[in-house]
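What follows is a set of notes on a single structure, which appears directly below.
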Amino acid sequence: MLSIRSAVLAGFVFISVASIALAQGLSSKQTETLMQSLGEDRTTELLESLAPKPQSKQEAVFANQDRAEQLRSIEFGGVEEVLQIEEALRQMEPRVEGAAFLLITANIDEEKFPDEESRDEASQAFNGDIYRAKLLGRNTFHLQPDGVLILPGVASIPLAGLTEEEAALRLMAEPMLATLAIEVRILPVKTPGFESLPRFGLSLFENPPDTFVPVTDIPIPVDYILGPSDSIFISLYGNENTFAELTVLRDGTITFPRIGPRAVAGMEFGELRAQIQEWFSLELLGTRASVTLGTLKSIRIFTLGEVLQPGSYSVGGLSTMANALFAGGGVKNIGSLRKIELRRSSKLVNTFDLYDLLLSGNSSTDERLQSGDVIFVPSVGTVVGINGSILRPAAYELKDEHTVKDLVALAGGLIANSDPRRVRVERFDEELGRRILTLDLRNSEDLGTRLRDGDLVTIPALVNEVENAVFLSGHVDHPGSYAWIPGMKISDLLPSESYLRPRADVNYLLIRGEEGANRRIEVRSADLSAALKNPGSAADIPLRNRDTVYAFEIGVSRSSEVAKVIAELEVQASVQERIAAVVIGGAVHAPGRYPLERGMRISDLLRAGGNLTESAYAIDAELARYTVGLSGDRETELEKIDLVGVLAGNRTADVVLQPGDNLFVKGIPNWLEQYVVTLQGEVRFPGSYAVRPGETLSSAVERAGGLTDLAFVQGSVFTRQTLRDRETEQLEILAQRLEADISALALQVTQAAAVTGGVGLSRGSGDATSALSLGQSLLAQIRTAEPTGRLVIDLQSVLDNPYDPNVDIALRQGDQLSVPRRAQEVTVLGEVQFPTSHFYQPSMKRSNYLDSSGGYTMRADKNRVYVVRANGQVIGAGGSRWFSRRKAEIEPGDTIVVPLDTDRVPALIQWAAITQVLFNLGLAAAAVSSF
């Protein structure tokens with residue numbers, strides 16, 4: 001919407017709405033929409049304030065793409081007027097119509113699947129559906145006449161009347177498309193055929209100068225006709241040396257010094273110069289005269305007929321017919337460029353062919369004008385079009401040209417890749433209707449074919465293809481084209497594995513071929529390893545003319561290369577025909593979607609997927625086969641595949657695949673190469689340890705040699721990645737909730753300021769302002785907070801009760817245990833006069849440490865003081881009914897926290913829980929970062 005607004009608003013800089021519409025090419029409907037919403041005066045006033053006057057139409061439309069944002073800073077009459085403007089601009093956005101063409105770009109939504117692994121899983125799930133798979137990437141769709149988008153196997157979605165953005169949101173609202181990020185563009189429908197060609201020569205007038213200034217700094221031609229207001233410079237030298245500037249008077253005379261008046265109007269400049277030299281040589285013996293012209297007269301001419309701005313114009317005395325056309329704004333699309341008439345005293349004195357000037361630079365017929373001349377542009381004559389492989393495709397007006405040969409010459413001739421054997425002429429015949437003629441321009445008779453008004457000649461291009469070649473692509477040392485000879489096999493193209501790059505998959509080469517007169521795409525594959533072991537055998541696949549062989553790298557995704565071939569298969573698949581593609585997933589090296597070969601079996605798909613991984617369950621696999629029933633619903637059939645038989649070469653077990661089949665290879669349960677956990681701090685042998693699934697923390701500590709004598713068991717910190725991920729999600733939820741609260745408060749503050757004018761805000765509005773500032777500060781802290789993933793444990797109980805499932809902790813990938821040295825301090829934080837750490841004294845109680853920190857501040861909540869043990873456990877206040885006084889006793893490494901009394905700060909009441917979360921995160925982060 002922004003680009004639409006910017007383009008429209010940047011161009012509205014003229015005096016009236018009508019001139020705006022004319023200058024910027026706006027439709028009458030768009031202009032009427034603005035005027036109905038705001039009125040002509042207010043619309044003009046608003047739009048003139050948005051931009052300075054541009055230099056050209058193109059600059060007006062496209063300059064300053066963010067200009068529409070100035071709407072927010074203009075002093076409008078009120079909120080209602082702003083809404084009117086927004087609605088008017090919204091109505092000017094392009095909307096989907098019936099039978100429209102849409103360019104839809106659909107990809108897996110990266111916001112919903114932020115990491116590559118989850119995106120790959122979503123992509124495989126999407127590609128597993130043969131109907132939805134057609135939507136991925138960029139595709140063009142033709143809507144039904146009623147504006148409905150039909151997606152077979154997915155849905156029928158009405159889009160008529162929606163903007164591009166609304167159409168994208170509507171598509172993403174479909175449950176089967178919910179995992180996609182979709183963009184929609186309404187494609188402009190270009191008028192096909194003759195009407196799409198520009199008239200040759202009219203572009204000369206597309207960017208006329210703002211003011212017409214004729215050229216005057218050129219030598220004066222000798223046939224220039226003098227008239228009133230012409231200025232004549234005369235220099236005398238010899239016996240007398242003087243200079244005179246004389247002006248031709250209205251009666252056509254000039255007065256010469258010492259000679260008297262002479263009539264000069266109507267004389268040619270050359271004739272006048274000779275006459276003056278003769279006069280002075282007779283009247284003043286021994287004196288010669290040099291004559292030239294100074295300021296030239298202006299003449300009044302008329303530009304009429306099929307010009308954009310017919311009328312009377314004052315032009316310079318040296319102006320020609322071409323200058324007059326510019327003065328009149330140029331020739332209309334229905335005007336002739338080849339029979340422009342010059343009429344003088346009601347007589348036709350010249351016919352100007354603008355093509356002579358444009359094509360050969362010949363200006364001999366560009367007659368110089370005289371006062372009172374009429375330049376008349378008649379309607380265009382015979383016009384024919386030529387496009388395709390031609391130097392200047394356009395619509396040409398014919399004068400003395402009559403044949404195809406003449407037209408080709410007029411258009412500059414054929415270009416190098418043109419095919420003169422299949423030239424097509426579209427012609428409308430009054431009796432037969434639309435006709436097509438096919439010509440061979442190598443034939444002189446066809447070259448002489450006479451043209452008619454409205455004919456369209458199309459010059460096709462030669463097919464840009466390499467014949468008798470095969471192509472090698474992908475993970476190879478020397479990709480490119482190679483000569484093909486009949487009987488060529490894959491071992492001839494790749495006689496050794498050394499022709500491939502390191503880590504190339506020699507068991508699967510994808511071959512894209514073409515078959516039949518319509519060159520339908522056919523896919524095959526080859527096992528290069530088997531072909532090189534037995535050249536000439538069935539494994540040594542024969543290659544055909546124009547085959548393309550793709551090689552892949554082991555362990556690298558093949559989706560980008562394979563997707564290109566699948567995209568071609570999608571294009572050639574009809575609505576009733578399923579895409580020739582199958583999917584393999586699970587415990588294989590290269591899961592994904594692959595082209596379906598003719599007669600392809602399970603073993604071929606395993607080879608395409610890079611074969612089984614070490615963790616694959618090689619006993620059986622599951623094949624999902626999709627069918628569409630008579631009711632139109634999709635049905636799924638599951639079949640158990642005997643992998644043992646497939647790998648042993650059993651043809652019965654090696655099932656033949658069908659389009660859309662999805663093979664899933666199961667992995668061995670709990671198969672993991674190893675877990676790695678980290679032990680650091682006061683353990684005898686700190687480092688990263690590989691542990692078995694199910695191994696416990698006590699076992700890992702024992703393998704690390706146990707704890708040192710300096711270990712502070714109670715202060716141990718245990719962190720886990722899954723907990724860190726969970727904290728990240730909770731922080732995001734808190735941030736979103738806080739953003740919503742801040743938006744509501746911002747509206748409240750804005751409304752209060754509007755009512756009071758920003759002066760004398762009420763107590764409530766002042767609290768809201770304070771809360772808004774505090775909320776923004778809290779939001780910034782949440783966005784920068786680092787989750788720790790800490791799990792509170794009792795390490796001493798773990799070590800005292802090894803392998804007890806109720807106490808000992810089963811380790812997971814990435815777990816980390818940090819054991820600090822024995823603590824000797826107690827820390828006091830929060831609402832105390834001097835937050836700091838104190839040396840631990842067994843005789844000191846909580847109140848003693850608080851007194852040592854200066855006591856409570858005025859904002860302290862004395863009833864909610866709590867203690868955070870070194871292991872992360874939280875103990876309530878000493879007098880709490882939930883905890884005994886024994887548990888509330890202060891121990892080394894403890895942190896006494898005095899919270900803020902949120903009741904004293906109204907702005908914090910609604911966000912007390914958030915402040916507590918941030919405070920606790922800070923404590924946990926400090927504990928973790930201390931190692």
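Using UniProt numbering, the letters of the sequence shown correspond one by one to residues 1 to 931. Every residue gets a Cβ at the ideal spot worked out from N, C-alpha and C, and that includes glycine. Remember, it's a predicted structure, so these values are computed and weren't measured experimentally.
- Under the three-state reduction of DSSP output, G585 falls in the strand class.
- Look at the beta carbons and you see the stretch 371–382 not touching the stretch 173–191: under three pairs across the two are nearer than 8 Å.
- Rounded to the nearest whole angstrom, the C-alpha separation of R524 and I554 is 19 Å.
- For the pair L606 and L638, the Cα-to-Cα distance works out to about 18 Å.
- Judged by DSSP in its simplified three-state form, T728 adopts helix.
- The DSSP-derived three-state label of K862 is helix.
- Residues E306, S379 and V380 of the same chain have their beta carbon placed closer than 7 Å to that of I334, with the five preceding and five following residues left out of the count.
- In the DSSP annotation of this structure, the continuous segment of the beta strand (DSSP E) that includes Q816 starts and ends at Q816 to V819.
- When only Cα atoms are considered, R598 and A580 end up about 9 Å apart.
- Annotated three-state conformation of G335 is strand, per DSSP.
- Comparing alpha carbon positions, the residue from V807, E739 and V819 closest to G687 is V819.
- Following the DSSP letters along the chain, one finds G660 in no beta strand (DSSP E), marked with neither H nor E.
- Following the DSSP letters along the chain, one finds A711 in no beta strand (DSSP E), marked with neither H nor E.
- Taken through DSSP and simplified to helix, strand or coil, Y626 comes out as strand.
- For V506 and L543, the gap between their C-alpha atoms comes out near 17 Å.
- Sequence-distant partners of L410 (beyond 5 residues in either direction) whose C-beta falls short of 7 Å from its own C-beta, in its chain, are Y396 and E401.
- For A700, the enclosing alpha helix (DSSP H) has its first and last residue at L697 to R703.
- A distance of 7 Å or more separates the beta carbons of L657 and S716.
- Distance from the CA atom of T636 to the CA atom of A624, rounded to whole angstroms, is 7 Å.
- In the displayed model, L202 falls within a helix according to three-state DSSP.
- For the pair R821 and Q736, the Cα-to-Cα distance works out to about 40 Å.
- The alpha carbon of I890 has as its nearest neighbour, out of T857, N848 and L900, the alpha carbon of N848.
- Contact annotation: A704 and L734 have beta-carbon atoms that are not nearer than 7 Å.
- Judged by DSSP secondary structure, A394 falls outside any alpha helix (DSSP H) and instead within the beta strand (DSSP E) spanning A394 to E397.
- In the three-state scheme derived from DSSP, where H, G and I count as helix and E and B as strand, T722 is classed as helix.
- Here the stretch 698–714 does not lie against the stretch 642–654, with fewer than 3 beta-carbon pairs under 8 Å apart.
- Here K564 is exposed, its C-beta having fewer than 16 other C-beta atoms within 10 Å.
- Our two residues, A99 and M172, have alpha carbons roughly 21 Å apart in a direct line.
- Of R427, T292 and T287, the smallest CA-CA separation from P221 is found for T292.
- Rounded to the nearest whole angstrom, the CA to CA distance from V582 to Y594 is 5 Å.
- Residue state for E341 is assigned as strand, using DSSP reduced to three classes.
- Minimum Cα-Cα distance from L246 among the listed residues E240, A265, N239 and Y237 corresponds to A265.
- Boundaries cannot be given for S716, as no alpha helix (DSSP H) includes it and DSSP labels it neither H nor E.
- When the Cα atoms are used, R846 and S698 turn out to be separated by approximately 33 Å.
- By a beta-carbon distance limit of 8 Å, L369 contacts T320. Their separation comes to about 6 Å.
- Pairwise C-beta distances place the stretch 437–454 in contact with the stretch 417–429, as three or more of them are shorter than 8 Å.
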